[in-house]
Structure formats: C-alpha cells, structure tokens
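Q: Before I ask anything, let me first share the structure, which is written out below as structure tokens.
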Amino acid sequence: MSAQNSGNQYPDYPVPNPALDAQPFWDGTAVGKLLLKRCGDCGETHYYPRAICPHCFSSETEWYEATGRGTIYSFSVMRRAPVPYVIAYVALEEGVTMMTNIVDCDFDALAIDDEVEVVFHPIDGGFSLPLFTPVAA
Amino acid sequence: MARPCKAYIAGAYEHPTRHAVEQSVAQLHAEVARGALADAGLSKDDVDGYFCAGDAPGLGGLSMVEYMGLDVRYTDSTDTGGSAYVVHLGHAAEAIAAGKCSVALITLAGRPRMAARGPLPDYGNDTPDIAFETPFNQNIVNNYAMAAMRHRHEYGTTAEQLAWIKVAASHHAQHNEHAMRREVVTVEDVVNSPMIADPLHRLDCCVISDGGGALVVVSPEIAKSLGARHWDRCVKVLGQGEAVKHTDRGRIDLTYTGGVKSAAIAFAEANLTPADIDMVTIYDSFTITVLITLEDLGFCEKGQGGRFVSDGNLISGVGKLPFNTDGGGLCNNHPSNRGSMTKIIEATRQVRGEAHPNVQVPDCTFALAHGTGGLIATRLCSATAILGRNDA
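Chains as they are written, first to last, in my numbering: chain V, 1 to 137; chain L, 1 to 392.
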C-alpha cells in the first residue's frame, strides 16, 4: 500500500517560534502569501529571510512575494512516524531552496525535479505552514 | 627524518560501558579522565588544560574542572556537535604550541539511553534558522536521508553500496568485546531492514549508547619525559583542519560537506596526501555520512563513493582502506550521540599497533580521524585530524 496524506492525515506540526526579523514571513503565510527577502543593494534573494543581506551585508533588504512554484531538490519519506510524511527541499523559481513538506500526493510516486507549488496549511497559534504539492501534469 | 609535530596524544581511553545505569554523567567524565591519564602515565595534577563540549554538565568546562579537582590555566568548550573532539584535538595542539598549556585533557561522556528521548533541541527564537526547519518535522535521520537521496539522484548511489559501509563496520565489531552490535551482517540484511526515512534503513543508522572517552594531549617535552614505555606509545598530531558548512543563503548543495575544506587544511599541515593514509576513522552517524566524507577527504572522486566502498574495500585485511576498525558508531559505540572521540581513540590504537589483532592494519604509520557535527543537510562542522606513529 502506498503512503500518502489526504483529508486529515497530516502529522502534528510544531508551531514555529520565529525570530523578530522573520515575523513578516509568517504574517505572509497566514494570509496565503509566500514572502522572500531580496537585497535592495546587490539584488540577490536569500533564504531563510534575514534583516541583513548574507550576500553583501547590506541592511537594505526588502520583502516580496514569490510565485510559489519550484522543483523538488531532495526529499525523504519519513516512514517511522505515527503518520508518515515527506520532508523536502524545494528549489523555488526565485533561486533559493527552502525546507518544507510535500503533501496531498502519492509519496511513492515522488521524484527529484518534480514540479511543485505552494499550499498553505493552517496549524495552531494562528500560523500557516508553506507546504508544497505536485503540480498536476 | 621524523616529521615535526606540535603535540602528541599520550593517553586515550574509551569507557567500556554502553549502558550507564548507575553512573552520573559527571562521574563518567571523571572515569574516562582517569583512564586516559593512567594510559599516559600522568596524574590529574599534571593537567593544566581542559577541553569539553557543550553537552558536559555545567557552564563550559567549569563544573567538570571543579568535579575532578583540576587546576587548569587553559580551557576550551567549543561545541560543534559530534565533531567537537577533533576540533578540541587541534585546539589543544595549538594551545600547547602557544605555551598556554602542556597537558591537555579532553573528555566526552553521556548517557542518552538513560535520558528521555526528545525532538531536536529547542534553541528558542534567538536561533534564527529553527522556525524554518522544526515546523516541518525535520529530525536527524530525515535530514541525512535528504543528502542520501540527492547523492543517489546525481551519482546513482544505490542502497546496496551504502549497505557495504555497515557490512564493513560489522566485520570489525565482531572482534570488539565491548561493541553493542557484534553480529556480522550482509548487504541483504541492511537493505531488508525496515525503512526509516527513504533511502536510509534501520541498519544504515548508528547505535545509541551511553559511555564516553578521553584523550590526554601533551607537548613534545612532556611526551619525551614520560619514559620509554609511554614515549613509544605517544602518537603525533600531524595535522588538523575544521570547516563550517551551511545552507549558503539558500543555495543548497547536499553533495558535499565541510570535509572538503577541513581535509585540505589537515593534509597541508601534515604534508601528506590521501595516498599516504593507512586507515581512516570516520564519524558514521549514518552510512551516507561515511560515503560523502570519503569523497570529500579525497579518497575517491566525487560521486564515486558508492563504487569505492563496495565489495569489502573498507574491511581490514580485505580492502584497500580499512575504516572504523572498532566497529564505529554503526556497531560499537556512539556515546552522547557524538562520534568523533571514539574515532580519535581507534585511530590512536591503530598507529600504536594496539588495535585488535584481527583488525590491526600492518605497519600502520598514518591514520586519519574525521568528525561531522551538526546536521549534514543544514549546518555542520567538519573536522579532520591526521595522526602519525611516534617514529613517523
């Protein structure tokens, strides 16, 4: 039997405890936006988002909304868990790679380089997690 | 002509326990310190430098210095996770060369089997990366599994190739009376063991054990003053390097570790190359850790690790590069979930010629000990040490 999650078959997600300079990211996911940080001086996007650009050390960083689309860089199906789930790194169209989960799919059909798009999954504390699901072919 | 070195390992000791039911963690630190000092022919009153990592009880090394009744003029509690003890070995050699101490004691101890199991440490929201990882149920095994999955994708590395690493460790562990898992396993045993996090099976994962280990690192002057019996067993610290690797601003590449840099530094300091090394000890948290590390250290080309480890190439007496001849973390011991102390201890046994006769590498002159601390798919510190026989 292949593993997949659907309906309420999701693991328990720990609630994030964000640093002050990352709070806008979580304010964004709560309203269905995936926000990234880009540097106003060097133009580079970085991840996870920070106040100071880790490329050029400028303080002129700014939030912008990502397309929410990318490809799977790597993943693993966590089998030894009360509810199996897929941890993954997704390479976003904006050039940065983020840790996430792949959901709402047949886990055994997943492959690196699969195209995925963001879905927002509400959890406790008013937070919403940016998870990803395969783009329908 | 003998090679110069800053410092010698004069004493090394691995605690025989794997399940510390009755000892406290502080007691275990003191027990391994006693063992290593006795091995060196020194007493606690000779110690003037103390090194431990952040898992030792108390603030830095202060509580352990007090518990053991030491009087030190130098202390270092750098914590890089499981690689910390290879880091400490290098820092001790530097401190000795700088005249800051002359007898450095490094201890590791822990009893994770007796402690409650829990998730990864919660460092609170002052740690900026945590909120972007913990909510997705990252844990140690699925973090390493993502590196294995990417390696498989880029280079075709198979489950059977990874399994050879565990097979080699088990061949060595059968001769170690203290090893947690002494049974010899096959490739089929590994790939048929339960899948934990694709592509890592249960037997791709190291053991969890209580215990510890200690080293006594001394100046050349002290080493030569110990008398012939101890001097002949003193092991040269020929080179050491360390490097931090991380998620690189979101430009993630899981195919390599900081070992690329740490090994280059260590080999340059020792003026040696991988071809000179007679055996290696590599922190084997998972089979994939060893495979990627062997590539990074330069023992094979990037991507060729799967072929390199196959067909018993890591088994002493069988293959070209004996590794973890005590059984490693995969079979022997993994005290406090920190693997690099036992790696230095087994490399020391080998260059002394004191490993188990069935795994002793003949004429072992140069050994390499390597640790990976932290998590391979996020942030880690790699540390490499090159040890040489007393007359090397």
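Just so it is clear, CB atoms sit at the ideal spot from N, CA and C, and this is done for glycine as well.
A quick note: this is a predicted structure, and the numbers were derived from the prediction, not measured.
Give the straight-line distance between the Cα atoms of L:Asp363 and L:Ala355, rounded to the nearest whole angstrom.
A: As a position in the second sequence, residue 363 of chain L is number 363, starting the count at 1. As a position in the second sequence, residue 355 of chain L is number 355, starting the count at 1. Computed Cα separation, rounded: 12 angstroms.
Q: What residue range is occupied by the uninterrupted beta strand (DSSP E) comprising V:Asn101?
A: Position 101 of the first sequence holds residue 101 of chain V. Start and end: 97-102.
Q: Quick one, are the C-beta atoms of V:Trp63 and V:Pro24 less than 8 angstroms apart?
A: By one-based count along the first sequence, residue 63 of chain V stands at place 63. By one-based count along the first sequence, residue 24 of chain V stands at place 24. Going by C-beta atoms, V:Trp63 is nearer than 8 angstroms to V:Pro24.
Q: Could you check what DSSP says for L:Ala223 in three-state terms: helix, strand or coil?
A: Here residue 223 of chain L is taken as the residue at index 223 of the second sequence, counted from 1. Looking at L:Ala223 - three-state DSSP - the assignment turns out to be helix.
Q: Need the endpoints of the alpha helix (DSSP H) that L:Leu291 sits in, please.
A: As a first step, residue 291 of chain L is located in the second sequence; it is residue number 291 there, counting from the start. 287-297 is the span of the alpha helix (DSSP H), which, as asked, contains L:Leu291.
Q: Using the C-alpha atoms, what's the distance from L:His334 back to L:Asn139?
A: Stepping through the second sequence from its first residue, residue 139 of chain L is reached at position 139. Stepping through the second sequence from its first residue, residue 334 of chain L is reached at position 334. Their Cα atoms are separated by approximately 18 angstroms.
Q: If I follow the unbroken alpha helix (DSSP H) through L:His29, where does it start and stop?
A: Within the second sequence, numbered from 1, the residue matching residue 29 of chain L stands at position 29. From DSSP, the alpha helix (DSSP H) with L:His29 extends over 25-40.
Q: Taking Cβ to Cβ, would you say L:Val280 is nearer than 8 angstroms to L:Arg352?
A: Walking along the second sequence from the start, residue 280 of chain L turns up at place 280. Walking along the second sequence from the start, residue 352 of chain L turns up at place 352. No, the Cβ-Cβ distance between L:Val280 and L:Arg352 is not below 8 angstroms.
Q: I need the boundaries of the alpha helix (DSSP H) containing V:Asp27, first residue and last residue.
A: Translated into positions along the first sequence, residue 27 of chain V becomes position 27. Segment 23-30, the alpha helix (DSSP H) holding V:Asp27.
Q: For the stretch 246-326 of chain L, which segments carrying the beta strand (DSSP E) assignment without a break, of at least 3 residues, lie completely within its bounds, in sequence order?
A: Listed in chain order, the complete beta strand (DSSP E) runs (minimum 3 residues) inside the stretch 246-326 of chain L are 279-282.
Q: Apart from the five residues on each side of it in sequence, which residues of its chain come closer than 8 angstroms, Cβ to Cβ, to V:Gly7?
A: Translated into positions along the first sequence, residue 7 of chain V becomes position 7. Interpretation of V:Gly7 is limited by its pLDDT of 44, a score under 50 that renders its predicted location unreliable; the figure taken from the coordinates is listed afterwards. Once the five neighbours on either side are set aside, V:Gly7 has no close Cβ partner at all.
Q: Assuming L:Thr109 and L:Gly212 are in contact, meaning their beta carbons sit under 8 angstroms apart, how far apart are those beta carbons, in whole angstroms?
A: Indexing the second sequence from 1 puts residue 109 of chain L at position 109. Indexing the second sequence from 1 puts residue 212 of chain L at position 212. Going by the sequence as given, residue 109 of chain L is Ala instead of Thr. Their Cβ separation, rounded to whole angstroms, is 3 angstroms, which keeps L:Ala109 and L:Gly212 in contact under 8 angstroms.
Q: In this structure, how does DSSP classify V:Asp114 when only helix, strand and coil are distinguished?
A: The residue you call residue 114 of chain V lines up with position 114 of the first sequence. In this structure, V:Asp114 counts as coil in the three-state DSSP scheme.
Q: Does the beta-carbon distance from L:Gly41 to L:Gly303 come in below 8 angstroms?
A: Residue 41 of chain L sits at position 41 when you count from the first residue of the second sequence. Residue 303 of chain L sits at position 303 when you count from the first residue of the second sequence. Contact: no.
Q: Using alpha carbons as the reference points, say which of L:Asp79, L:Val72, L:Pro112 lies closest to L:Ser382.
A: Stepping through the second sequence from its first residue, residue 382 of chain L is reached at position 382. Of the candidates L:Asp79, L:Val72, L:Pro112, the one whose C-alpha sits nearest the C-alpha of L:Ser382 is L:Asp79.
Q: So, helix, strand or coil for L:Gln161, using DSSP?
A: Translated into the one-based positions of the second sequence, residue 161 of chain L becomes position 161. Helix, per DSSP.
Q: From V:Leu92 to L:Ala2, what distance separates their C-alpha atoms?
A: For this step, residue 92 of chain V is matched to residue 92 along the first sequence. For this step, residue 2 of chain L is matched to residue 2 along the second sequence. Approximately 54 angstroms, taken between the alpha carbons.
Q: Apart from the five residues on each side of it in sequence, which residues of its chain come closer than 8 angstroms, Cβ to Cβ, to V:Ser2?
A: In the first sequence, counting from the first residue as 1, residue 2 of chain V sits at position 2. Confidence at V:Ser2 is low in this model, with a pLDDT of 48, below 50, so its placement is unreliable and no value can be given for it.
Q: Please report the straight-line C-alpha distance between L:Leu28 and L:Thr289, rounded to a whole angstrom.
A: Residue 28 of chain L sits at position 28 when you count from the first residue of the second sequence. Residue 289 of chain L sits at position 289 when you count from the first residue of the second sequence. L:Leu28 and L:Thr289: Cα-Cα distance of roughly 28 angstroms.
Q: Put L:Asp46 into one of helix, strand or coil per three-state DSSP.
A: Position 46 of the second sequence, counting from 1, holds the residue named residue 46 of chain L. Reduced to three states, the DSSP call for L:Asp46 is helix.
Q: Which residues of chain L have a Cβ atom closer than 9 angstroms to the Cβ of V:Leu129, listed in chain order?
A: If you number the first sequence from 1, residue 129 of chain V lands on position 129. Within 9 angstroms Cβ-Cβ: Pro135, Phe136.
Q: Taking 8 angstroms as the limit between beta carbons, can you name the residues of its chain near V:Ser76, skipping five residues before and five after?
A: By one-based count along the first sequence, residue 76 of chain V stands at place 76. Excluding residues within five positions, the ones whose Cβ falls inside 8 angstroms are Val86, Ile87, Ala88.
Q: Of all the CB atoms in chain L, is at least one closer than 8 angstroms to the CB of V:Gly7?
A: Within the first sequence, residue 7 of chain V is the residue found at index 7, counting from 1. Unreliable positioning characterises V:Gly7 in this predicted model, as indicated by a pLDDT of 44, which lies under 50. The coordinate reading is nonetheless provided below. Chain L contact via Cβ: absent.
Q: Does any CB atom of chain L fall closer than 8 angstroms to the CB of V:Tyr85?
A: Your numbering for residue 85 of chain V matches position 85 in the first sequence. With 8 angstroms as the cut-off, V:Tyr85 counts as an interface residue toward chain L.
Q: Listed from N- to C-terminal order along the chain, which residues in the stretch 53-65 of chain V have their beta-carbon within a distance smaller than 8 angstroms of any beta-carbon of chain L?
A: Answer in chain order: Pro54, His55.
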